[in-house]
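Report on the structure given below.
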Amino acid sequence: MISLNVNEKDLQVDVDPETPLLWVLRDHLDLPGTKYGCGVAQCGACVVHLEGEAVRSCVTKVKRAENKKVVTIEGLAENNDHPVQQAWTEVDVPQCGYCHSGQIMSAAVLLKENPNPTDEDIDLAMAGNICRCGTYSRIRKAIHVAAEINKSST
Amino acid sequence: MNPFKPKNQGKILSTVGGVFLILLVVGISVGMSEKNFSTEDYIELSSLKKDSVVSKEAFKKVYSVLMHPRCMNCHPSGDIPLQGDDSHLHGMSPQRGEDGKGVYAMKCANCHQNENTPGIHAPPGNPEWHLPPADMKMIFQGRTANELAKQLIDKSKNGNKSIKDLIAHAEDTLVKAGWHPAEGLSLPPMSHKEFKEAWVTWLKTGAYAPDNSE
Ligand code: FES
Ligand code: FES
Numbered sequence: 056m057i058s059l060n061v062n063e064k065d066l067q068v069d070v071d072p073e074t075p076l077l078w079v080l081r082d083h084l085d086l087p088g089t090k091y092g093c094g095v096a097q098c099g100a101c102v103v104h105l106e107g108e109a110v111r112s113c114v115t116k117v118k119r120a121e122n123k124k125v126v127t128i129e130g131l132a133e134n135n136d137h138p139v140q141q142a143w144t145e146v147d148v149p150q151c152g153y154c155h156s157g158q159i160m161s162a163a164v165l166l167k168e169n170p171n172p173t174d175e176d177i178d179l180a181m182a183g184n185i186c187r188c189g190t191y192s193r194i195r196k197a198i199h200v201a202a203e204i205n206k207s208s209t
Numbered sequence: 208m209n210p211f212k213p214k215n216q217g218k219i220l221s222t223v224g225g226v227f228l229i230l231l232v233v234g235i236s237v238g239m240s241e242k243n244f245s246t247e248d249y250i251e252l253s254s255l256k257k258d259s260v261v262s263k264e265a266f267k268k269v270y271s272v273l274m275h276p277r278c279m280n281c282h283p284s285g286d287i288p289l290q291g292d293d294s295h296l297h298g299m300s301p302q303r304g305e306d307g308k309g310v311y312a313m314k315c316a317n318c319h320q321n322e323n324t325p326g327i328h329a330p331p332g333n334p335e336w337h338l339p340p341a342d343m344k345m346i347f348q349g350r351t352a353n354e355l356a357k358q359l360i361d362k363s364k365n366g367n368k369s370i371k372d373l374i375a376h377a378e379d380t381l382v383k384a385g386w387h388p389a390e391g392l393s394l395p396p397m398s399h400k401e402f403k404e405a406w407v408t409w410l411k412t413g414a415y416a417p418d419n420s421e
């Protein structure tokens with residue numbers, strides 16, 4: 056049994072400790088918002104927060120998350136209204152949408168550590184999140200919008 | 208030039224025969240303070256057997272390991288690590304960051320786990336995975352053997368490490384990670400044991416820097 060805290064809930068899962076966190080989230084905890092893209096840390100579709108860091112759950116074994124806090128796209132905000140989510144809606148960022156839970160989770164870490172990022176900061180932070188549909192310019196715009204939303208709500 | 212040899216040692220030896228030992232000690236101390244060496248280093252080094260030929264030969268082996276991709280890839284001349292056996296710039300352009308552990312959503316440990324992830328092109332791992340920090344970059348890429356040897360023993364460029372610290376550093380977990388490459392990546396040109404022997408020999412025989420022509 057592995058004890059985890061996922062989206063503010065303490066829970067236990069009966070899985071092999073070597074199982075990637077991604078499969079524990081999707082297959083055992085019924086949280087399919089986190090996506091599988093490549094399985095080898097190359098695309099960013101599977102990004103979740105582990106103790107506040109934007110880890111790639113496809114290569115993060117569940118044993119690394121034992122007794123730690125995991126946040127998935129489902130738990131980023133209670134009503135799906137995290138400033139990044141609001142901005143994503145406002146700018147209408149997604150095309151097919153497949154990459155965007157990873158994009159949003161990465162952007163949330165960027166804004167937590169740098170509330171007012173420049174274009175360059177955004178490029179550095181988001182360079183590991185691939186979008187097959189090429190929504191990069193809207194992602195960049197939405198991150199600036201999210202920074203503004205953050206400012207006006209504080 | 209031998210970095211441990213006091214600048215005025217030759218003069219002292221030729222002019223003051225009787226009090227040679229005392230002055231040698233003073234001379235060495237002065238030489239070392241100029242090179243940022245501590246008393247501790249002096250005590251260590253006073254028991255060393257200097258031999259420039261053995262030392263330089265040992266450094267050639269050390270250099271072949273340090274310039275191998277498993278070592279050099281994390282000692283790049285820029286702020287993006289290198290990757291693969293051809294030492295290309297790391298895909299996704301992760302940045303060094305101030306502490307050497309990356310920036311924002313692109314921190315080393317977000318992908319690099321405590322151990323290698325199985326599979327070709329999957330990230331190698333180690334609990335300490337990082338680059339040298341921004342204020343102490345310890346660049347290997349592009350350095351000649353002469354430059355790298357001098358840099359390695361210069362406390363202002365080696366993370367303030369004494370000779371003793373440097374010897375101990377051969378057992379560092381991240382140094383040893385070079386001998387546990389991820390699938391499909393080559394090993395350094397000799398075993399860790401042979402590397403450590405060459406490293407310690409180089410340091411204990413005077414840490415001579417090979418000439419650029421050597
Ligand atoms: S699925 Fe994890 S990075 Fe691609
Ligand atoms: S919106 Fe389709 S992959 Fe990004």
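Chains as they are written, first to last, in this note's numbering: chain A, 56 to 209; chain B, 208 to 421. Using N, Cα and C, we set each Cβ at its ideal position, and we do this for glycine too.
Within the same chain, Cβ atoms closer than 6 angstroms to the Cβ of B:Pro395 are found at Val272, His275, Arg277, Gly385, the five residues on either side in sequence being excluded. The Cβ of A:Lys116 sits closer than 8 angstroms to at least one Cβ of chain B.
Between the alpha carbons of A:Glu168 and A:Glu108 lies a distance of about 10 angstroms.
Looking from the CA of A:Cys101, the closest CA among A:Leu179, A:Thr127, A:Lys118 belongs to A:Thr127.
According to DSSP, residue pairing for B:His295 in a beta bridge involves B:Gln290.
The beta-bridge partner set that DSSP reports for A:Glu108 consists of A:Leu105.
Per DSSP, the continuous alpha helix (DSSP H) segment holding B:Asp372 begins and ends at 370 to 376. The beta-carbon of B:Gly326 is placed less than 8 angstroms from the nearest beta-carbon of chain A. Within chain A, no C-beta atom comes less than 7 angstroms from the C-beta of B:Lys308; the nearest is roughly 10 angstroms away.
Residues of the segment 333 to 351 of chain B with a Cβ closer than 7 angstroms to any Cβ of chain A: none. For A:Ile57, the number of other beta carbons within 10 angstroms of its own is at least 16, and it is reported as buried. Taking a contact to require three or more Cβ pairs closer than 8 angstroms, the segment 291 to 307 of chain B and the segment 333 to 340 of chain B qualify as touching. Apart from the 5 residues on each side of it in sequence, B:Cys281 sits with its Cβ closer than 6 angstroms to the Cβ of Pro288, Leu338 in its chain, given in chain order.
Between B:Gly298 and the set A:Arg195, A:Leu66, A:Cys98, the nearest pair of CA atoms involves A:Cys98. Judged by DSSP in its simplified three-state form, A:Pro75 adopts strand.
The segment 195 to 202 of chain A and the segment 151 to 168 of chain A touch, with three or more beta-carbon pairs separated by less than 8 angstroms. Under a 10 Å Cβ-count criterion, A:Ser161 is classified as buried, with 16 or more other Cβ atoms of the shown protein chains found around its own Cβ.
Residues of chain B with a Cβ closer than 8 angstroms to the Cβ of A:Val95 are, in chain order, Thr324, Gly326, His328, Ala329, Pro330. Judged by the Cβ position, A:Arg81 fails to qualify as a neighbour of ligand 1 at the 7 angstroms threshold, every heavy atom of the ligand being at least this far. Distances from the alpha-carbon of A:Trp143 to those of A:Glu63, A:Leu66, A:Ala202 put A:Ala202 closest. Excluding five sequence positions before and after A:Arg81, the CB atoms of its chain that fall closer than 7 angstroms to its own CB belong to Pro87, Thr89, given in chain order. Note on the segment 316 to 361 of chain B: whole alpha helix (DSSP H) runs with a minimum of 4 residues are 352 to 359, in chain order. Relative to ligand 2, the nearest heavy atom lies less than 7 angstroms away from the CB of A:Tyr153.
A distance of 8 angstroms or more separates the beta carbons of B:Gly391 and A:Val95. Cβ contact annotation for A:Ala180 (same chain, cutoff 6 angstroms, sequence separation greater than five): Leu165, in chain order. Proximity of the beta carbon of A:Arg193 to ligand 2 is not indicated: no heavy atom of the ligand is located closer than 7 angstroms. For ligand 2, a non-hydrogen atom lies closer than 7 angstroms to the CB of A:Arg187. B:Ala414 is positioned such that its CB atom lies no closer than 8 angstroms to that of B:Ala375. Within a 10 Å sphere around the beta-carbon of A:Gly189 sit fewer than 16 other beta-carbons, which makes this residue exposed. Residues of chain B whose Cβ lies closer than 8 angstroms to the Cβ of A:Ala180 are, in chain order, Val310, Tyr311, Ala312, Met313. Contact of B:Gln290 with chain A by beta-carbon distance below 9 angstroms is absent, the smallest such distance being about 12 angstroms. For secondary structure counted as the alpha helix (DSSP H) over 4 or more consecutive residues, the segment 105 to 192 of chain A holds these complete runs in sequence order: 138 to 146, 155 to 168, 174 to 181. The DSSP-derived three-state label of A:Asp82 is helix. For B:Met313, DSSP records a beta bridge to B:Val310.
One finds Glu108, Ala109, Val110, Arg111 in chain A with Cβ atoms closer than 7 angstroms to the Cβ of B:Asn317, taken in chain order.
Chain A places a beta carbon closer than 8 angstroms to that of B:Asn321, counting this residue as a contact.
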